[in-house]
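Working notes, structure below.
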Amino acid sequence: MAQRRCFATLHPGYGYLSENPDFASSVRHAGLIFVGPPSEAMSTLGDKRSSKDYLRQKAPEVPLIPGFTGTSLEIEDLKKAAVNIGFPVMLKASAGGGGKGMRVVHEVSQLQSELRRAQSEAQRSFGSRDCILEKFIENSKHIEIQVVGDQYGHVVSFLERDCSIQRRNQKVIEETPCLFLDQETRRHMSDTAVRIVKLIGYEGAGTVEFVFDTATKKFYFLEVNTRLQVEHPITEEVVGVDLVALQLFVAAGGRLSELPELSHIVQTGHAIECRLCAEDPRRDFLPSHDKILLWKPASPERVPGSVVRYETAICSGTSVSIYFDSMICKIVVWAPTRSQAISRLAKELAGTACIGVRTNQLFLQSCLLHPAFQDFGYKTSFIPDNITRLLQSPYSPDLPGYITLVPALFLRSVQQLQTGKLSVRRPFQAVRRRFHNQKFDAFHNSCEIISLRDSNSPAGEIVRNDACLIKPASTDAEHEWSVYLYPLVRGSKKPSMNQTGSSAQDLAATYSHTSRALRTGEAWLGPSFKATHVDVRPVYQHETVPSTTGASSAAMSMTLSLDGQRMCAYLAVSDDGDGRQSLSLNETIKVLCHLPQLGEWKEFRRDSLLSFYTSLRKEALSNSDQESGVKAPMPCKVLSIAKALGEDVSAGECVMVIESMKMEINIIVGVSGKFQTKWKIGEAVDEGAVLCLVE
């Protein structure tokens, strides 16, 4: 393609292709300039095994992590080596990076199974099953040095980045400078990095990574990434150098010595980057995939001089695929001090609307605002050490009392806007779809049943449910309402037909009681609110007000004053599975709402009173059949099956391993019994299909 379009230069980005020596050689043999290091440097330094062997011969003064220096991958040889090294040890894919093909092993009995998993992931990610075995340094930081070399032997260090906030051995938050380092250690690490890449005549941008033992204050060589890395923007922010421009300058034959600004690199201020990923932290960081209904950064993008950078290719309407890494955006902030950078980045994350796909947005805020992160001596074990608290909201454990009012007022405002625009009346316009022969009355026209759903659970259990009675505050107030709340259902336990008594009969009785209480007014003694200055409008100018007739709806913003408190929200309506998006108040409507004060979006469903209890009855009838089966959380491929058909399994046991979005996922059963599955290793499974049953 580059040749057909008469390009002279090819920049490979910062994916794995950028450190593939065969690809780089092919580009150069085609007569093009490859923006990156020589293929020899990639082959030697880009592979963990070969780079360590090279340094043992050429630079024995470079400290290496104690490990197995042999090439055997026989399990008995590795067991002996692990015992000699001392547990815990780490298995690492020799090729590649990004946390793929890495396993920590705490005892010898785990070694064989973890080796098999590491090799499988390495083969699929990098095309090589080769793994190395090293000592796992538990109290450590992951610190890397950014370097750039030219064709004339000059190498410049752009100093360090602290990449110690990791999950699954993959970075999620990076910052620079690392305030835990003293100046002498910083200089020593920088000089060591320059020494390593100079040995082989390195050209272009690269990163030398180290493990820093926080107990002994010693550092050890980890690997060289022979490419520009995802986290390079934070270095650009503090040293004031465009690293991509410098890559092109070097590739064109430029001399680093001719750039006076590189003679003395100084770090100014503090920069932090967060990786926004389509994944669910509360389900062991399970990858997510779906359509992004609304993408609205908290700060304007691409503003010259801004201290905030959003690096992403997503927009409203983007579908997150299962075929790529889960990272969808990098959010970078610069500030004069570390504390200011933390505060600004947390605010950016809270105010950014990424509605439609489950992400780690709130989890990142929890990391930034956790007391342990304020101490810059945190280690790579930060996330597992604090996981319980990190999975909670950093703002308030309780949801605000008004939360169900927001989607209710949104839908009522849209209905009012649409009613004002309808110039042609249709026959039977007042009769809703799926008419239930229920007598029309004023109550049904003013009452919304709003359910807050737990979108992290496979079945979307109800967390909170309120009947919202909305009445105009006065006869001439177009955007002012009085709103009353009547709690209906609390807790996430779903009704089951296996419970004592008949849930269907109980629900019918509850429906009758609730309906009577709402109609007579005795229910409206609970919380009440006054909503004023309610303003609903499209987020983007080219969009229109959502339709009440089933047409595709746009994402909207809403501002209002609730009992005098000003607030804003972003909302989008999810379709019903067949591509339709309806805002008719006569139907069940799924509304996704981002509230900056909550730091993430929440899923709500609007029902009439009758449709709400009808849906609960259906759930009660089907709930008893779901507990013994495990469904595929997304389209995936079966990698391994740990149990034979009919074999006994226990609750909490891993029975299968699947792969999706370049990540291996353990399938854990929730009950004990006999294992059954129809799938075979290597088969593709659709989302929602039953992976296995426990009988």
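When we follow my numbering, the leftmost residue of the sequence shown carries the number 448, and every step to the right adds one. Think of the CB as a built atom: it goes at the ideal place given N, C-alpha and C, for glycine as much as any other residue. Fair warning: this is a prediction, and the values are worked out from it, not measured in the lab.
Using the rule of at least 16 other Cβ atoms within 10 Å of the residue's Cβ for burial, across every protein chain shown, is residue i buried or exposed?
i	result
GLU1050	buried
ILE1112	buried
MET448	exposed
PRO831	exposed
HIS553	exposed
PHE605	buried
CYS1083	buried
VAL530	exposed
GLN946	Any answer about GLN946 is weak, because its pLDDT of 38 lies below 50 and its placement is not dependable; what the coordinates show is given next. So GLN946 ends up on the exposed side.
HIS635	exposed
GLY938	Any reading at GLY938 is ruled out, since the residue's pLDDT is 45, under 50, leaving its predicted position unreliable.
ARG452	exposed
GLN694	buried
LYS1127	exposed
LEU838	exposed
LEU869	With a pLDDT of 43 at LEU869, under the threshold of 50, the modelled position of that residue is not reliable, and the figure given next carries that caveat. That one is exposed.
LYS918	exposed
TYR463	buried
PHE454	exposed
CYS724	buried
ASP727	buried
HIS476	exposed
GLY460	exposed
ALA692	exposed
ILE522	exposed
ASP1010	exposed
THR835	exposed
Identify every residue that forms a DSSP beta bridge with residue i.
i	result
ARG1143	This structure cannot settle anything about residue 1143, because the visible part of the chain is limited to 448 through 1142.
ALA915	Checking the displayed sequence, the identity of residue 915 turns out to be Cys instead of Ala. Partner(s): GLU895 and LEU932.
ARG550	LEU538
HIS1041	TYR1017 and TRP1048
SER975	TYR931
THR456	ILE480
GLU591	ARG608 and GLU656
CYS1101	ILE1115
PHE857	Per DSSP, none; premise fails for PHE857.
ASP1168	Absent from the structure is residue 1168, since the part of the chain shown begins at 448 and ends at 1142.
ASP1095	LYS1121
ARG571	Looking at the DSSP assignment, ARG571 forms no beta bridge with any residue, so it has no partner.
LEU1009	ALA978 and GLN1012
GLU1106	LYS1084 and GLU1111
GLU581	GLY514 and MET537
TYR461	Its beta-bridge partners do not exist; DSSP assigns none.
LEU1140	GLY1076 and GLN1123
GLU758	LYS777
ASP1054	ILE896
Below 8 angstroms on the Cβ atoms is my contact criterion, and I expect residue i with residue j to pass it. Report the Cβ-Cβ distance as a whole number of Å.
i	j	result
ALA652	LEU675	5 angstroms
ALA1019	ILE802	5 angstroms
ALA1136	ALA1079	5 angstroms
CYS915	LEU932	6 angstroms
ILE647	LEU492	6 angstroms
GLU621	ASP609	7 angstroms
PHE666	PRO510	7 angstroms
GLY1046	LEU796	7 angstroms
ARG702	TYR599	6 angstroms
LEU538	LEU580	6 angstroms
SER498	GLU670	6 angstroms
GLY848	PRO934	Incorrect: roughly 10 angstroms between the Cβ atoms, too far for contact.
Any beta carbon from chain B within less than 8 angstroms of residue i's own beta carbon?
i	result
LEU695	The question asks about chain B, but that chain is absent: this structure has only one protein chain.
Complete runs of the beta strand (DSSP E) confined to the region 700-743 [at least 3 residues]: 717-724 and 741-743
Contact the region 750-769 vs the region 812-828: 3+ CB pairs below 8 angstroms: no
Every unbroken alpha helix (DSSP H) within the region 606-693, with a cutoff of 4 residues, ordered by chain: 630-645 and 679-686, all fully within the region 606-693.
Cβ contact check for the region 468-481 and the region 625-641: 3 or more pairs under 8 angstroms: no
In chain order, each alpha helix (DSSP H) run of at least 4 residues that lies wholly inside the region 780-853: 785-798, 808-816, 818-821, 829-832 and 834-837
Three-pair Cβ contact test at 8 angstroms for the region 545-552 versus the region 571-578: yes
Contact between the region 723-742 and the region 790-807 (3+ Cβ pairs under 8 angstroms): yes
contact_flag[the region 700-714, the region 1095-1110] where n(CB pairs < 8 angstroms) is 3 or more: no
The region 578-588 in contact with the region 680-700 per 3-pair CB rule at 8 angstroms: no
Three CB pairs or more closer than 8 angstroms across the region 973-983 and the region 844-864: yes
At least 3 beta-carbon pairs within less than 8 angstroms: the region 840-851 vs the region 962-972: no
Segment contact, 8 angstroms Cβ cut-off, at least three pairs: the region 808-823 with the region 1055-1065: no
Three-pair Cβ contact test at 8 angstroms for the region 741-750 versus the region 782-789: no
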